[in-house]
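Asker: Heads up: the sequence shown begins at 0 in numbering that gives the first Met the number 0, then just goes up one per residue. Just so it is clear, CB atoms sit at the ideal spot from N, CA and C, and this is done for glycine as well. After the structure tokens below, expect a handful of questions from me.
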Amino acid sequence: MNSQALIIKTLDHNFGNLKALDNINLSLKQGDYSILLGLNGAGKTTLFSLITRLYDNQTGSIEIFSHNIKKNPSKALANIGVVFQQPTIDLDLTVEQNLHYHASLHGMRKNVALDNALTELKRQNMQDIFKKKVRELSGGQKRRVEIVRALMHKPKLLLLDEPTVGVDIENRKLIVKHVRNLCAEKKIAVLWATHLIDEVDQEGKLIILHKGKVLANDTVKNILKNTKIKNVSNAFDYFTKN
């Protein structure tokens with residue numbers, strides 16, 4: 000299996016005269032845990048929209064496990080799970096119904112979908128909410144159900160766009176810990192977009208995106224070592240304010 004989960008080369012994207020992304024080059028290997036850090040408006044959601052083909056890339060190329068998303072979109076997209084910035088879960092359906100609907104879109108058999116859903120819910124100690132309507136859940140539980148949904152078809156690349164927005168501190172910690180463990184145990188490549196510096200994993204990789212440009216792309220340790228800066232907050236200021 001190709002260990003390169005995601006390869007992006009010379010990617011630009013414009014909205015009219017506004018350059019939203021400028022010459023983006025980055026890659027993730029299988030098992031990489033990478034934080035895409037940037038202020039609101041930096042281009043994080045635009046980048047995710049291009050990777051998932053919500054937008055069509057105008058220049059450059061995107062490959063997911065060797066599949067070019069333009070030339071072979073079905074095979075490329077079959078490898079990814081996505082948690083969008085805005086909640087996309089039906090409040091009036093039960094957790095079970097939401098997950099079954101998602102599974103059917105991926106052509107999964109009902110018994111396989113049920114097994115996968117319960118496995119992921121148990122991983123988060125949430126199996127007791129399976130029959131509950133989503134509107135009965137807390138904000139943190141809803142987001143964690145969306146992560147379960149994104150994992151049901153066993154993707155090898157997980158994209159999370161601001162997954163903890165509107166979630167209390169305790170649930171934020173649970174979500175971060177859960178996704179980090181998934182990456183380590185199942186060797187899923189993770190690209191986690193956030194504007195929150197405290198979500199940066201000191202042992203992972205950090206990509207700083209600012210005004211559509213990648214200003215840093217390395218392990219957190221190397222970024223701090225090379226800039227001779229002690230913490231991520233000051234390093235972020237160093238790259239974005241100079």
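#1: Does I196 come out as helix, strand or coil in the three-state DSSP assignment?
#2: For T58, count neighbouring C-beta atoms within 10 Å of its own C-beta (all shown protein chains included) and say buried if the count is 16 or more, exposed if not.
#3: Looking at the strands, I want to know which residues DSSP matches up with D217.
#4: Taking contact to mean 3 or more Cβ pairs, one atom from each stretch, closer than 8 Å, check whether the stretch 104–121 and the stretch 36–51 are in contact.
#5: In the DSSP assignment, what residue or residues form a beta bridge with D160?
#6: Starting from the N-terminal side, write out each stretch of the beta strand (DSSP E) that is 3 residues or longer and does not extend beyond the stretch 30–87.
#7: By the three-class DSSP mapping on this structure, what secondary structure does H12 have?
#8: Judging by CA-CA distance, which residue of K153, Q140, I146 and V81 is the nearest neighbour of N115?
#9: Less than 7 Å between the C-beta atoms of I61 and N78, yes or no?
#10: Going by beta-carbon coordinates alone, are G42 and L17 separated by less than 7 Å?
#11: I think V147 touches E119, with their Cβ atoms under 8 Å apart; what is that distance to the nearest whole Å?
#12: Assuming I187 and K155 are in contact, meaning their beta carbons sit under 8 Å apart, how far apart are those beta carbons, in whole angstroms?
#13: Could you tell me if K229 is buried or exposed, where buried requires 16 or more neighbouring beta carbons within 10 angstroms of its beta carbon?
#14: What distance in whole Å lies between the Cβ atoms of D167 and G246, which are believed to be in contact at a cut-off of 8 Å?
#15: If contact is defined by three or more beta carbon pairs under 8 Å, each pair taking one atom from either stretch, is the stretch 177–191 in contact with the stretch 27–34?
#16: Which word fits E169, buried or exposed, when buried means at least 16 other C-beta atoms lie within 10 angstroms of its C-beta?
#17: According to DSSP, what are the bridge partners of F26?
#18: Counting along the chain, where does the alpha helix (DSSP H) carrying L181 start and finish?
#19: Could you check the C-alpha separation between M151 and N97 for me, to the nearest Å?
#20: Would you kindly work out how many angstroms separate the C-alpha atoms of R122 and H177, rounded to a whole number?
#21: Is the beta carbon of L157 less than 7 Å from the beta carbon of G37?
#22: For the alpha helix (DSSP H) containing I146, list its first residue and its last residue.
#23: For the alpha helix (DSSP H) that L113 lies in, which residues bound it at each end?
#24: Determine the DSSP secondary structure at D89, reduced to helix, strand or coil.
#25: Whole angstroms is fine: what's the gap from N233's alpha carbon to N216's?
Answerer: Reading off the structure:
#1: Looking at I196 - three-state DSSP - the assignment turns out to be helix.
#2: Its Cβ having fewer than 16 others within 10 Å, T58 is exposed.
#3: L205, per the DSSP bridge assignment.
#4: At 8 Å Cβ cutoff, the stretches do not touch.
#5: Note: D160 sits in a beta bridge opposite A192.
#6: Here the runs fully enclosed are 32–36, 60–63 and 79–82.
#7: Note: H12 maps to strand in three-state DSSP.
#8: For the residues K153, Q140, I146 and V81, the minimum Cα distance to N115 belongs to K153.
#9: Cβ atoms of I61 and N78: not closer than 7 Å.
#10: With a cutoff of 7 Å on beta-carbon distance, G42 and L17 are scored as not near each other.
#11: With 8 Å as the limit, V147 and E119 qualify as a contact, their Cβ atoms being about 4 Å apart.
#12: That belief holds up - the Cβ atoms of I187 and K155 are roughly 6 Å apart, short of 8 Å.
#13: Flag for K229 reads exposed.
#14: With the chain running from 0 to 241 in the structure shown, residue 246 is simply not present.
#15: Touching, yes.
#16: Classified as exposed, E169 has fewer than 16 neighbouring CB atoms from the shown chains inside 10 Å of its CB.
#17: For clarity, residue 26 is Ser in the given sequence; the question names Phe instead. In the DSSP output, where bridge partners are listed per residue, S26 has I6.
#18: Here the alpha helix (DSSP H) through L181 covers I168 to K185.
#19: Approximately 12 Å, taken between the alpha carbons.
#20: Rounded to whole angstroms, R122 to H177 spans 8 Å at the Cα level.
#21: No; because the gap between Cβ atoms is not below 7 Å, this pair is not in contact.
#22: From DSSP, the alpha helix (DSSP H) with I146 extends over G138 to L150.
#23: That run of the alpha helix (DSSP H) goes K109 to R122.
#24: Reduced to three states, the DSSP call for D89 is coil.
#25: Cα to Cα, the separation comes out at about 16 Å.
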